[in-house]
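Chemist: For the sequence shown, full-length UniProt numbering begins at 1 and goes up steadily by one.
Pasting a structure below so you can have a look.
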Amino acid sequence: MLSQENIQKLPTSYIIEQLCITPNIVLAPMAGVTDSIFRRMILRMGGCGLVSTEMTNAASVSPKALRRHGLLTFYPEERPLTMQLSGNDPDLVAHAAQMVEQLGADIIDLNCGCPSPKVTGGGHGASLLRDLPRMERMLRAVRAAVQVPITLKFRAGWDEQQLNYLETAKLAEDCGVAALALHPRTREQRYTGQADWSRVAAVKAAVSIPVIGSGDVQDAHDALVRLRASGADGVMIGRAAMANPWIFLQIAQLRAGQAPIQPTPADKLDFLLRYMAMCEEEMAPRLALNKTKQLIGQFVVALPGASHLRVAVHQAPSLSQARDAITDYFSVFADPVVSSR
Ligand SMILES: Cc1cc2nc3c(=O)[nH]c(=O)nc-3n(C[C@H](O)[C@H](O)[C@H](O)COP(=O)(O)O)c2cc1C
Numbered sequence: 001m002l003s004q005e006n007i008q009k010l011p012t013s014y015i016i017e018q019l020c021i022t023p024n025i026v027l028a029p030m031a032g033v034t035d036s037i038f039r040r041m042i043l044r045m046g047g048c049g050l051v052s053t054e055m056t057n058a059a060s061v062s063p064k065a066l067r068r069h070g071l072l073t074f075y076p077e078e079r080p081l082t083m084q085l086s087g088n089d090p091d092l093v094a095h096a097a098q099m100v101e102q103l104g105a106d107i108i109d110l111n112c113g114c115p116s117p118k119v120t121g122g123g124h125g126a127s128l129l130r131d132l133p134r135m136e137r138m139l140r141a142v143r144a145a146v147q148v149p150i151t152l153k154f155r156a157g158w159d160e161q162q163l164n165y166l167e168t169a170k171l172a173e174d175c176g177v178a179a180l181a182l183h184p185r186t187r188e189q190r191y192t193g194q195a196d197w198s199r200v201a202a203v204k205a206a207v208s209i210p211v212i213g214s215g216d217v218q219d220a221h222d223a224l225v226r227l228r229a230s231g232a233d234g235v236m237i238g239r240a241a242m243a244n245p246w247i248f249l250q251i252a253q254l255r256a257g258q259a260p261i262q263p264t265p266a267d268k269l270d271f272l273l274r275y276m277a278m279c280e281e282e283m284a285p286r287l288a289l290n291k292t293k294q295l296i297g298q299f300v301v302a303l304p305g306a307s308h309l310r311v312a313v314h315q316a317p318s319l320s321q322a323r324d325a326i327t328d329y330f331s332v333f334a335d336p337v338v339s340s341r
């Protein structure tokens, strides 16, 4: 357990060029999850210092493509906002970065960590870890093309035999990258094994730009333990925020010496219903249903009988039937006779 005295000694912000990111606990970009609705819901709860769009292919930022996929749609309340691009053609990515800057990105993040074969197969994401000269050309081209800070999100290397996170970090700093986020697994690991945060500590010791650690944060206390142990400037939270969107608020409460909120089943139901209502208002019905299905998988992880609910939502043919399944499930908790058994 971290003592309150040690919690108070932890950094609470970091600077990306002119931008002060505070608090230094940020939402990880997650494709299919961290759309504008999820980002706004997280930000409204408090405690999250920075959010990012989902990864967007640099070849898909034309006005027509943006209208089709909507990945870079945002509301002013989300600022400062990072927009994340993937690609591997330096000129194309630099051009996309200019367009993204015009859209209003406060920070442009380049993805060199995505392990998905669909992404690496095209030479994007983590595959750039195997081609640092190309990564360097891309970083320099983007740096020269835009005024806003650029950041890099990357993995520890392609596999255990090709661990090059220190080399990558130093290269990025040399190219004018303003901050780094390291998910310290290899591409080969995907999401297996454990994120080795000693690699985050090693990167922090090797560069003078801010370093953010990403991977396996379980809960509010764990985030602060990792911040302290790694010496990182910030912590990025992904999957735990899907299961527990209150985690950012809980960290802020821990820092303020308060007992972290323990969301009740009623709070969880309220979160889900608000999320679904926003999806219904802002998206096509099928997409709204798919988004709900994606969130529910992680959101209910720690709840009793969650697998039944997950199945019911996944089988629901419409959003209103998914809502009924969710309301039915949570109604059990609202019944004092049943919940006191
Ligand atoms: C569903 C999902 C989608 C993700 N999409 C992205 C993405 O678009 N861009 C990116 O840089 N990382 C992406 N990641 C990786 C996360 O940002 C994060 O680095 C990783 O999940 C480890 O952190 P966690 O253990 O807190 O989830 C994704 C992860 C998940 C689980």
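Here a beta-carbon is modelled for each residue, glycine too, at the ideal position from N, C-alpha and C.
Counting only the same chain and skipping the five closest in sequence on each side, list residues whose C-beta sits under 8 Å from that of residue 203.
Modeler: Here residue 203 corresponds to residue number 203 of the sequence shown, with the count starting at 1. 165, 166, 169, 180, 182 and 211, listed in sequence order.
Chemist: Where does residue 79 fall in DSSP's three states?
Modeler: Here residue 79 refers to the residue found at position 79 when the sequence shown is read from its first residue. Here residue 79 sits in coil by DSSP.
Chemist: Rounded to whole angstroms, what is the Cα-Cα separation between residue 163 and residue 331?
Modeler: If you number the sequence shown from 1, residue 163 lands on position 163. If you number the sequence shown from 1, residue 331 lands on position 331. Using only the alpha carbons, I get a separation of about 50 Å.
Chemist: Within its chain, find whatever has a CB closer than 7 Å to the CB of residue 249; leave out the 5 residues flanking it on each side and keep chain order.
Modeler: As a position in the sequence shown, residue 249 is number 249, starting the count at 1. Hits under 7 Å: 45, 46, 47 and 261.
Chemist: Just to confirm my understanding: we take residue 36, look at its own chain, exclude 5 residues before and 5 after, and list those with CB closer than 7 Å. What are they?
Modeler: For this step, residue 36 is matched to residue 36 along the sequence shown. Around residue 36: 73, 74, 75 and 78.
Chemist: Measuring alpha carbon to alpha carbon, tell me which of 269, 150 and 156 ends up nearest residue 98.
Modeler: Mapped onto the sequence shown, residue 98 falls at position 98. Here the closest residue by C-alpha is 150.
Chemist: Which residue's Cα is closest to the Cα of residue 129: 143, 310, 142 and 113?
Modeler: In the sequence shown, counting from the first residue as 1, residue 129 sits at position 129. Closest option to residue 129, Cα to Cα, is 113.
Chemist: Confirm the yes/no value for this check: CB of residue 216, any heavy atom of ligand 1, distance under 6 Å.
Modeler: On the sequence shown, position 216 is the one that residue 216 refers to. Because some heavy atom of ligand 1 lies under 6 Å away, the Cβ of residue 216 counts as near it: yes.
Chemist: What runs of the alpha helix (DSSP H), each 4 residues or longer, lie entirely inside the stretch 222-287?
Modeler: Fully enclosed alpha helix (DSSP H) runs of 4 or longer: 239-243, 247-255 and 265-282.
Chemist: Where does residue 118 land, buried or exposed, given buried means 16+ other C-beta within 10 angstroms?
Modeler: Against the sequence shown, residue 118 aligns to sequence position 118. Looking at its Cβ environment, which holds fewer than 16 other Cβ atoms inside 10 Å, residue 118 is exposed.
Chemist: Where residue 285 and residue 71 are concerned, what is the direct C-alpha to C-alpha distance, given to the nearest angstrom?
Modeler: As a first step, residue 285 is located in the sequence shown; it is residue number 285 there, counting from the start. As a first step, residue 71 is located in the sequence shown; it is residue number 71 there, counting from the start. Spanning the two alpha carbons is a distance of roughly 17 Å.
Chemist: Which complete beta strand (DSSP E) runs does the stretch 2-73 hold, if anything under 3 residues is left out?
Modeler: 14-16, 19-21 and 25-27, all fully within the stretch 2-73.
Chemist: Is it buried or exposed for residue 264, if we count other Cβ within 10 angstroms and need 16 for buried?
Modeler: Here residue 264 refers to the residue found at position 264 when the sequence shown is read from its first residue. It is exposed - the Cβ of residue 264 has fewer than 16 other Cβ atoms within 10 Å.
Chemist: Please look up how many angstroms separate the CB atoms of residue 25 and residue 223, rounded, as I've assumed it's under 8 Å.
Modeler: Start at 1 with the first residue of the sequence shown, and residue 25 comes out as number 25. Start at 1 with the first residue of the sequence shown, and residue 223 comes out as number 223. About 6 Å separates the two Cβ atoms, so the contact holds.
Chemist: Might you give, ordered along the chain, the residues of its own chain that have their beta carbon closer than 7 Å to the beta carbon of residue 293, omitting 5 neighbours on each side?
Modeler: Residue mapping note: residue 293 aligns to position 293 of the sequence shown, counting from 1. Only 313 and 314 meet the Cβ criterion.
Chemist: Based on Cα-Cα distance, which residue from 18, 287 and 271 lies nearest to residue 68?
Modeler: Taking the sequence shown and counting its residues from 1, the one referred to as residue 68 is at position 68. When each option's Cα is compared against that of residue 68, the closest is 287.
Chemist: Can you tell me the Cβ-Cβ gap for residue 139 and residue 175, rounded? I've got them flagged as a contact below 8 Å.
Modeler: For the purposes of this step, residue 139 is taken as the residue at position 139 of the sequence shown. For the purposes of this step, residue 175 is taken as the residue at position 175 of the sequence shown. Their Cβ separation, rounded to whole angstroms, is 4 Å, which keeps residue 139 and residue 175 in contact under 8 Å.
Chemist: According to DSSP, which residues form a beta bridge with residue 84?
Modeler: For the purposes of this step, residue 84 is identified with residue 84 of the sequence shown, where counting begins at 1. Per DSSP, 109.
Chemist: Identify whether residue 152 lies in helix, strand or coil by the three-state DSSP scheme.
Modeler: If you number the sequence shown from 1, residue 152 lands on position 152. Of the three classes helix, strand and coil, the one that applies to residue 152 here is strand, per DSSP.
Chemist: Is residue 195 helix, strand or coil when you go by DSSP?
Modeler: Along the sequence shown, read from residue 1 onward, the residue named residue 195 stands at position 195. Coil, per DSSP.
Chemist: When you measure from the CB of residue 144 to every non-hydrogen atom of ligand 1, does any distance come out below 6 Å?
Modeler: Sequence index remark: in the sequence shown, residue 144 carries index 144 (1-based). Answer for residue 144: no, Cβ out of range of ligand 1.
Chemist: Taking residue 299 as the reference, give the member of 30, 271 and 115 with the closest Cα.
Modeler: Here residue 299 refers to the residue found at position 299 when the sequence shown is read from its first residue. Of the candidates 30, 271 and 115, the one whose C-alpha sits nearest the C-alpha of residue 299 is 271.
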